[in-house]
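Student: So that we are looking at the same thing, I have put the structure below in structure tokens.
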Amino acid sequence: MNANELDRFAEKTTPHLRDLAATSEAVRAMYVYDSRYENVPVNRDADLFLEKQLTRTKGVVYKYPGRVIILLSYTCAANCRYCERQDRVGVGLDEEGRLTEADIDAAVAFVGAHPEINEVIFSGGDPLTHPRGLALAAERMAALEHVKIQRIHTRFPLQAPGKVDFALLQRIAALPTTWYLSLHVDHPDELTPEVVEVIRRIRSLGLILICQSVFLKGVNDDIDVLARLFTHLAELGVRPYYLYHCHPIATTTHFVMSLDEEIAIMSRLRERLSGVACPQHIFEMRNTTGKLLVPTDHWNVDLAEVVDFTGAVHDVASASMSVELPHAAASGKRSRP
Ligand code: SF4
């Protein structure tokens, strides 16, 4: 461990979130360190979704054909207690995780050498905590003829709405690629008037807004809460996109719902919400690749097994298990006949 590394996932909030937490139990649960569950050392070797194994040059994760993830920074405006990247994010690696201009040049060279990549996804940490890196990378990627779509995954506007750099967003929105901005939103309390205004301003710049959410026990494990959240987002012009199963890691087990509980909620949401307000329920398997659509209970399917994008069959219990397996040896894995 170097001098800056922490052995625990740090508590980090913003003045905006502290104000909100004074009245919102959900916001407190999402951001306040809870020693009952979190007094566990960071597992730096974790590679839940093979991001480390599939890193091609610093910060560049190439998992799925045609689209590449660029981890621009390991810093966020605030640390969500259920973050699945807490092997890197919020553990004192901010300097190490911030891509330099040379790193960005290497990332652009990688994408330039892969003409099949048409989509570049900026993530982290939070890419909006590294505005200079985002501007550089966005401009250089946009100059590659085969890059048609760029995407930003961020929670920054919900965490520090007063600090969103609209000049930066305006500059990148003018680039000759289509821009998506994916907000991570988990509870309607996060959509304060200030945040709503930020969303309106981002929309007015021409970025297409989508959102991603995570099922969280004690925060949004409720049909009415999620219906309110997704309806409000759709009304604001933010298309609910993915609603993830939260995987258990050592510090997050208290947030994790069973797939059965999630399916029951998701099925009622599908009945209640308009198609434009209803996200896809996603199960991302550990130690393998593939974001799988979870069926609703309108279908009779065997939920004991899943087939990943490579055709390998896994037991669902193993793909979601709480022990972090060495990624090459996902238990329960066998080939599809
Ligand atoms: S904003 Fe995203 S990357 Fe940052 S702590 Fe929250 S979940 Fe993790």
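According to this note's numbering, the sequence shown is numbered sequentially starting from 189.
Note that beta-carbon positions come from the ideal geometry of N, C-alpha and C, so glycine has one too.
These numbers were taken from a predicted model, which means no experiment stands behind them.
Could you round the C-beta distance between Gly313 and Leu194 to whole angstroms and report it? I think they count as a contact, below 8 Å.
Tutor: Going by Cβ atoms, the distance from Gly313 to Leu194 rounds to 15 Å, so no, they are not a contact pair.
Student: Fully enclosed by the stretch 384–445, which alpha helix (DSSP H) runs are 4 residues long or longer?
Tutor: Counting whole runs of 4 or more residues, the stretch 384–445 contains the alpha helix (DSSP H) stretches 411–423.
Student: Determine the burial state of Met189: buried for a count of at least 16 other Cβ atoms within 10 Å of its Cβ, exposed for fewer.
Tutor: Burial call: exposed.
Student: Rounded to whole angstroms, what is the Cα-Cα separation between Asn227 and Arg474?
Tutor: Distance between the alpha carbons of Asn227 and Arg474 is about 23 Å.
Student: At which residues does the alpha helix (DSSP H) containing Ala355 begin and terminate?
Tutor: Looking at the DSSP string, the run of the alpha helix (DSSP H) that includes Ala355 is Phe354 to Ala361.
Student: Once the 5 residues before and after Pro319 are set aside, which same chain residues still bring their CB inside 6 Å of it?
Tutor: Within the same chain, Pro319 has close Cβ partners Asp353 and Leu356.
Student: Along the alpha helix (DSSP H) that carries Glu226, what are the first and last residues, could you check?
Tutor: Counting along the chain, the alpha helix (DSSP H) containing Glu226 begins and ends at Ser223 to Glu226.
Student: Taking all protein chains shown into account, decide if Ala516 is buried (16 or more other Cβ within 10 angstroms of its Cβ) or exposed.
Tutor: Below a pLDDT of 50, predicted positions are generally treated as unreliable, and Ala516, at 32, falls in that range; the measurement from the model is reported next regardless. Looking at its Cβ environment, which holds fewer than 16 other Cβ atoms inside 10 Å, Ala516 is exposed.
Student: Please list the terminal residues of the continuous beta strand (DSSP E) segment that includes Val256.
Tutor: Note, Val256: beta strand (DSSP E), Arg255 to Leu259.
Student: Keeping to the same chain, check which residues put their C-beta closer than 7 Å to that of Lys289; ignore five residues upstream and five downstream.
Tutor: The question names Lys, yet the displayed sequence has Glu at residue 289. Counting only Cβ-Cβ distances below 7 Å, and skipping sequence neighbours, we find Leu324.
Student: If you draw a straight line from the C-alpha of Arg206 to the C-alpha of Arg216, how long is it?
Tutor: Roughly 8 Å between the two C-alpha positions.
Student: Relative to the ligand SF4, is the shortest distance from any of its heavy atoms to the C-beta of Cys466 smaller than 7 Å?
Tutor: Flag unset: Cβ of Cys466 not near the ligand SF4.
Student: Hey, would you say the C-beta of Asp377 is under 7 Å away from at least one heavy atom of the ligand SF4?
Tutor: Asp377: no, Cβ never under 7 Å from the ligand SF4.
Student: What does DSSP give as the partner residues of His469 in its beta bridges?
Tutor: Per DSSP, Leu431.
Student: Less than 7 Å separating the Cβ of Cys271 from some heavy atom of the ligand SF4?
Tutor: Cys271: yes, Cβ under 7 Å from the ligand SF4.
Student: Give a yes or no on whether the C-beta atoms belonging to Val249 and Ala295 are separated by under 8 Å.
Tutor: Going by C-beta atoms, Val249 is not nearer than 8 Å to Ala295.
Student: Check whether the Cβ atoms of Arg255 and Glu333 sit closer than 8 Å, and answer yes or no.
Tutor: No, Cβ-Cβ distance for Arg255 and Glu333 is not below 8 Å.
Student: Please check the pair Val426 and Ile453, which I expect to be a contact at CB under 8 Å, by giving their CB distance rounded to whole angstroms.
Tutor: At roughly 20 Å, the Cβ-Cβ gap does not stay under 8 Å, so Val426 and Ile453 are not in contact.
Student: Pick from Arg339, Leu346, Phe344 and Thr243: whose alpha carbon is nearest that of Leu395?
Tutor: Selected option, being the one with the closest Cα: Arg339.
Student: Residue range of the alpha helix (DSSP H) that Arg458 falls in?
Tutor: From DSSP, the alpha helix (DSSP H) with Arg458 extends over Leu447 to Arg460.
Student: In the DSSP output, which residue or residues are listed as bridge partners for Thr342?
Tutor: Partner(s): Leu371.
Student: When the distance is taken between beta carbons, is Pro315 closer than 8 Å to Leu260?
Tutor: Yes. Within cutoff.
Student: Between Thr342 and Leu363, is the Cβ-Cβ spacing less than 8 Å?
Tutor: Not in contact: Thr342 and Leu363 (Cβ atoms no closer than 8 Å).
Student: Using a Cβ-Cβ cutoff of less than 7 Å, which residues in the same chain neighbour Phe298 once the five nearest sequence positions on both sides are dropped?
Tutor: Contacts found: Arg244, Thr245 and Val248.
Student: Distance, Cα to Cα, Gly463 vs Thr211?
Tutor: Near 32 Å, if we compare the C-alpha coordinates of Thr211 and Gly463.
Student: Whose CA, out of Phe418, His435, Thr380 and Ser223, lies closest to the CA of Ala465?
Tutor: Answer by Cα proximity: Phe418.
Student: Three-state secondary structure (DSSP) at His204?
Tutor: The answer is helix: DSSP assigns His204 an H, G or I state.
Student: Closest by CA to Ala361, which one among Leu379, Phe403 and Ile390?
Tutor: The residue with the shortest Cα to Cα distance from Ala361 is Ile390.
Student: When the Cα atoms are used, what is the spatial distance from Phe471 to Tyr432?
Tutor: Distance between the alpha carbons of Phe471 and Tyr432: 6 Å.
Student: Can you list, in chain order, the residues of its chain whose CB lies under 6 Å from that of Asn192, leaving out five sequence neighbours each side?
Tutor: Gly280, listed in sequence order.
Student: Verify the contact flag: His372, CB atom, against every heavy atom of the ligand SF4, threshold strictly below 7 Å.
Tutor: Within the cutoff, so yes.
Student: With respect to the beta strand (DSSP E) encompassing Phe497, which residues constitute its N-terminal and C-terminal limits?
Tutor: Careful: Phe497 lies outside any beta strand (DSSP E) and carries neither H nor E.
Student: At which residues does the beta strand (DSSP E) containing Glu307 begin and terminate?
Tutor: First-last of the beta strand (DSSP E) with Glu307: Glu307 to Ser311.
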